Amino acid sequence: MSARAPTAAPSTPEMKVRFGENLARCREGADVSQEELGFRASIHRTEVSLLERGERMPRVDTALRIAGSLGVPLDDLVAGLEWRPGYEIVVPGSWEIVERDGEGSESPDVVPEDRPAPARTSSGDSQ
């Protein structure tokens with residue numbers, strides 16, 4: 019089994035709070051109660067409350083149902099949200115580290131302690 023890069027990163031508390039503020043503003047602007055929004059979007063009213071309080075972040079399909087139920091574009095619910103990677107990307111199969119600014123550094127002689135050094139063969143040898 020090969021190692022895979024993480025497929026999801028948790029949303030930050032700031033993202034949850036901003037989404038919640040946007041949701042409350044849009045819901046109140048549409049003059050819809052949390053219970054009515056829950057009914058329209060096919061989610062429980064307590065989920066609407068959790069989202070507005072910044073305790074949860076919805077999946078994309080849920081956010082789309084909420085936006086459609088309120089008659090607002092999804093952009094209104096995610097206004098002010100952004101993601102900045104907080105990690106470095108390691109290119110699988112090499113020792114190259116891709117920095118966030120796009121520049122890479124090659125260091126083939128540095129081997130992590132938990133991984134064996136790659137076998138070196140001359141160009142005429144077969145394995």
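Residue numbers for the sequence shown follow the working numbering, beginning at 19 and rising by one.
Yeah, the Cβ is synthetic: ideal placement off N, Cα and C, and Gly gets one too.
All of these numbers come straight from a predicted model, not from anything done at the bench.
Quick check on the burial criterion: 16 or more other C-beta atoms within 10 angstroms. Buried or exposed for VAL66? Start at 1 with the first residue of the sequence shown, and residue 66 comes out as number 48. When all chains shown are included, VAL66 counts as buried.
Near VAL128, which residues of its chain fall below 6 Å by C-beta distance, leaving aside the five closest residues on each side in sequence? For the purposes of this step, residue 128 is identified with residue 110 of the sequence shown, where counting begins at 1. With a pLDDT of 47 at VAL128, under the threshold of 50, the predicted position of this residue should be treated as unreliable, and no value is reported.
In whole angstroms, what separates the C-alpha of ALA81 from that of GLY47? Stepping through the sequence shown from its first residue, residue 81 is reached at position 63. Stepping through the sequence shown from its first residue, residue 47 is reached at position 29. Roughly 17 Å separates the two Cα atoms.
If you check the beta carbons only, do ARG36 and LEU92 fall under 8 Å apart? Translated into the one-based positions of the sequence shown, residue 36 becomes position 18. Translated into the one-based positions of the sequence shown, residue 92 becomes position 74. No, these two residues do not count as a Cβ contact at 8 Å.
Helix, strand or coil for SER141 per DSSP? One-based indexing of the sequence shown puts residue 141 at position 123. Confidence at SER141 is low in this model, with a pLDDT of 49, below 50, so its placement is unreliable and the value that follows should be read with caution. The answer is coil: DSSP assigns SER141 none of H, G, I, E or B.
On a CA-only basis, which of PRO28, PRO31, THR30, GLY38 is nearest VAL96? Give me that one, please. Within the sequence shown, residue 96 is the residue found at index 78, counting from 1. The candidate whose alpha carbon is nearest that of VAL96 is GLY38.
State buried or exposed for PRO76, treating a residue as buried only when at least 16 other CB atoms are found within 10 Å of its CB. The residue given as residue 76 occupies position 58 in the sequence shown. Buried: at least 16 other Cβ atoms inside 10 Å.
What does the alpha-carbon distance come out to for the pair PRO31 and CYS44? Counted from its first residue, the sequence shown places residue 31 at position 13. Counted from its first residue, the sequence shown places residue 44 at position 26. If I take the Cα positions, the gap works out to 20 Å.
Quick check on this structure: which residue in TRP101, GLY72, ASP94, LEU88 has the alpha carbon closest to the alpha carbon of ASP49? Taking the sequence shown and counting its residues from 1, one reaches residue 49 at position 31. Selected option, being the one with the closest Cα: LEU88.
My understanding is that CYS63 touches GLY56, with C-beta atoms under 8 Å, so please give their C-beta distance in whole angstroms. Along the sequence shown, read from residue 1 onward, the residue named residue 63 stands at position 45. Along the sequence shown, read from residue 1 onward, the residue named residue 56 stands at position 38. Just to set this straight, residue 63 is Arg in the shown sequence, not Cys. So it is a contact: roughly 4 Å between Cβ atoms.
Do you know offhand how far SER123's Cα is from SER60's? The residue you call residue 123 lines up with position 105 of the sequence shown. The residue you call residue 60 lines up with position 42 of the sequence shown. Only weak support is given to the placement of SER123: the predicted model assigns it a pLDDT of 46, under 50, and the question is left unresolved by the model.
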